[in-house]
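Structure, as C-alpha cells:
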Amino acid sequence: MTSLPPSTDHIRTVTEAYLARHPEERDSLAMLFAALAGADTSTSRKTFPAHVTCSAILIHGERHVLHIAHKASGKLLAPGGHNEPADRHLRDAALRELHEEAGIPPSVVVALAGYEDVPLDIDVHAIDANPSKDEPAHHHVDFRWAFRLGADHAVTLQEEEVDGYQWRPFAAVALPTVRAKLAQLT
Numbered sequence: 235m236t237s238l239p240p241s242t243d244h245i246r247t248v249t250e251a252y253l254a255r256h257p258e259e260r261d262s263l264a265m266l267f268a269a270l271a272g273a274d275t276s277t278s279r280k281t282f283p284a285h286v287t288c289s290a291i292l293i294h295g296e297r298h299v300l301h302i303a304h305k306a307s308g309k310l311l312a313p314g315g316h317n318e319p320a321d322r323h324l325r326d327a328a329l330r331e332l333h334e335e336a337g338i339p340p341s342v343v344v345a346l347a348g349y350e351d352v353p354l355d356i357d358v359h360a361i362d363a364n365p366s367k368d369e370p371a372h373h374h375v376d377f378r379w380a381f382r383l384g385a386d387h388a389v390t391l392q393e394e395e396v397d398g399y400q401w402r403p404f405a406a407v408a409l410p411t412v413r414a415k416l417a418q419l420t
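Right under this line is the structure:
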C-alpha cells in the first residue's frame, strides 16, 4: 500500500478551520495559499519558495511546554520538521516528529481539548539557504499542533538532530505566537 502525504484539500480544510478562529491572520498565510495553488506538493521539502512543516507543542503538568535544542538551528524549539509520505494528516507529522526527536510516542499524548483537528498556531518563518542539502533560502509554513502529555514518559533525544531539552513555563515559551495563544488558555 502506497502512503500519500497530506492532500491539498486536507491542508486547505485545516487552514480554513484555523482561520475561522484567527481571521486576522489570513494575510500572513499568503505564502501557504500560493504553495497550495502551485503544481508541486506543498508538503515536500523540495517545494520552494515555501513548504509546509509540522510541530508538536507538548504541554506537561501545569503549563509547561517541551522545547528541544535542534542542532541544525542551534535554537530551542518545539519538536517538529518536514512531512513524510506516511504522514496522511498534518497532525500525524507532528506526532511522528515528537516521537522521533523526543522519544515520546503518540500513545502517551492527547490532543489539547478543542484542538483535535485544528492547530494551535500556524507560523510562516524564513529558513536560511543550506548548500549541503541543495536548498535555497525559503520559508516554512509551520502547523503547530497542541498536545498534553497524558502519561509520564521520559524524554529520549534523537542524538543525530537534538542535543538537549527543557520544560518551559507558558510565559517562557520560545515561539512568540505560541506563547500568546497559550496565555489565552484557561
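Numbering (our numbering) for the sequence shown: 235 to 420. Don't be surprised by glycine CBs; every beta carbon is placed ideally from N, CA and C. No experiment lies behind these values; they were computed from the predicted model shown.
- request: Let me know the secondary structure DSSP gives residue 235 once reduced to three states.
  value: Locating residue 235 in the sequence shown gives position 1, counting from the first residue. Here the model assigns residue 235 a pLDDT of 47, short of 50, so the residue's position is not dependable, and the following value carries that caveat. Three-state result, residue 235: coil.
- prompt: Thinking just about the alpha-carbon of each residue, which of 298, 379, 349, 374 is nearest to the one in residue 405?
  reply: Counting from 1 along the sequence shown, the entry for residue 405 is found at position 171. Among 298, 379, 349, 374, the Cα nearest to that of residue 405 is on 298.
task: Enumerate in chain order the residues of its own chain whose CB-to-CB distance from residue 282 is below 7 Å, with the five nearest sequence positions on each side excluded.
output: Locating residue 282 in the sequence shown gives position 48, where the first residue counts as 1. For residue 282, same chain residues with a beta-carbon under 7 Å away, outside a window of 5 residues either side, are 370, 372 in chain order.
- prompt: Mapping DSSP to helix, strand and coil, what is residue 300?
  reply: Translated into the one-based positions of the sequence shown, residue 300 becomes position 66. DSSP places residue 300 in strand when its eight states are reduced to three.
message: What does DSSP give as the partner residue(s) for residue 381 in the beta ladder?
response: Walking along the sequence shown from the start, residue 381 turns up at place 147. Paired residue(s): 292, 345.
- prompt: Between residue 346 and residue 383, what straight-line distance do the alpha-carbon atoms span, to the nearest angstrom?
  reply: Residue 346 sits at position 112 when you count from the first residue of the sequence shown. Residue 383 sits at position 149 when you count from the first residue of the sequence shown. Cα-Cα distance, rounded: 9 Å.
- prompt: So, residue 284 versus residue 375, is the Cβ gap smaller than 7 Å?
  reply: Working through the sequence shown from its first residue, we reach residue 284 at position 50. Working through the sequence shown from its first residue, we reach residue 375 at position 141. One thing to note: residue 284 has its Cβ within 7 Å of the Cβ of residue 375.
message: Suppose you measure from the CA of residue 235 to the CA of residue 394; what does that come to, to the nearest Å?
response: Numbered from its first residue, the sequence shown carries residue 235 at position 1. Numbered from its first residue, the sequence shown carries residue 394 at position 160. Below a pLDDT of 50, predicted positions are generally treated as unreliable, and residue 235, at 47, falls in that range; the measurement from the model is reported next regardless. Rounded to whole angstroms, residue 235 to residue 394 spans 30 Å at the Cα level.
query: Are the segment 306 to 319 and the segment 246 to 253 touching by the rule of at least three beta carbon pairs closer than 8 Å?
result: They do not touch, by the three-pair rule.
query: Do residue 424 and residue 239 have their C-beta atoms within less than 7 Å of each other?
result: The question about residue 424 has no answer, for the chain in this structure spans 235 to 420.
Residue 248 - containing alpha helix (DSSP H), residue span: What you label residue 248 is simply residue 14 of the sequence shown in a count that begins at 1. Looking at the DSSP string, the run of the alpha helix (DSSP H) that includes residue 248 is 242 to 255.
query: Would you say residue 355 and residue 411 are within 7 Å of each other, going by their C-beta atoms?
result: Counted from its first residue, the sequence shown places residue 355 at position 121. Counted from its first residue, the sequence shown places residue 411 at position 177. The Cβ atoms of residue 355 and residue 411 sit closer than 7 Å to each other.
task: Could you tell me whether the segment 256 to 273 touches the segment 323 to 338, using the rule of 3 or more Cβ pairs below 8 Å?
output: no
- request: Taking residue 300 and residue 401 to be in contact with their CB atoms under 8 Å, please state how far apart those CB atoms are, rounded to whole angstroms.
  value: The residue labelled residue 300 in the question sits at position 66 within the sequence shown. The residue labelled residue 401 in the question sits at position 167 within the sequence shown. With a Cβ gap of about 6 Å, residue 300 and residue 401 count as contacting.
task: Return the chain-ordered list of same chain residues with a C-beta closer than 7 Å to the C-beta of residue 396, the five sequence neighbours on each side being excluded.
output: By one-based count along the sequence shown, residue 396 stands at place 162. For residue 396, where only same-chain residues beyond five positions count, the Cβ hits under 7 Å are 302, 303, 304, 305, 335.
query: Taking the alpha-carbon positions, what's the residue 407 to residue 368 distance?
result: For this step, residue 407 is matched to residue 173 along the sequence shown. For this step, residue 368 is matched to residue 134 along the sequence shown. Their backbone Cα atoms lie some 32 Å apart in a straight line.
- prompt: Using the C-alpha atoms, what's the distance from residue 332 back to residue 276?
  reply: The residue labelled residue 276 in the question sits at position 42 within the sequence shown. The residue labelled residue 332 in the question sits at position 98 within the sequence shown. Their backbone Cα atoms lie some 21 Å apart in a straight line.
- request: In the DSSP assignment, find the alpha helix (DSSP H) that holds residue 362 and state where it starts and stops.
  value: Position 128 of the sequence shown, counting from 1, holds the residue named residue 362. Neither: residue 362 is in no alpha helix (DSSP H) and is coded neither H nor E.
field: Classification of residue 416 by the beta-carbon crowding that lies within 10 angstroms, buried from 16 upward
entry: Sequence index remark: in the sequence shown, residue 416 carries index 182 (1-based). So residue 416 counts as buried.
Cβ-based burial, residue 287 [other Cβ within 10 Å; buried from 16]: Position 53 of the sequence shown, counted from the first residue, corresponds to residue 287. Flag for residue 287 reads buried.
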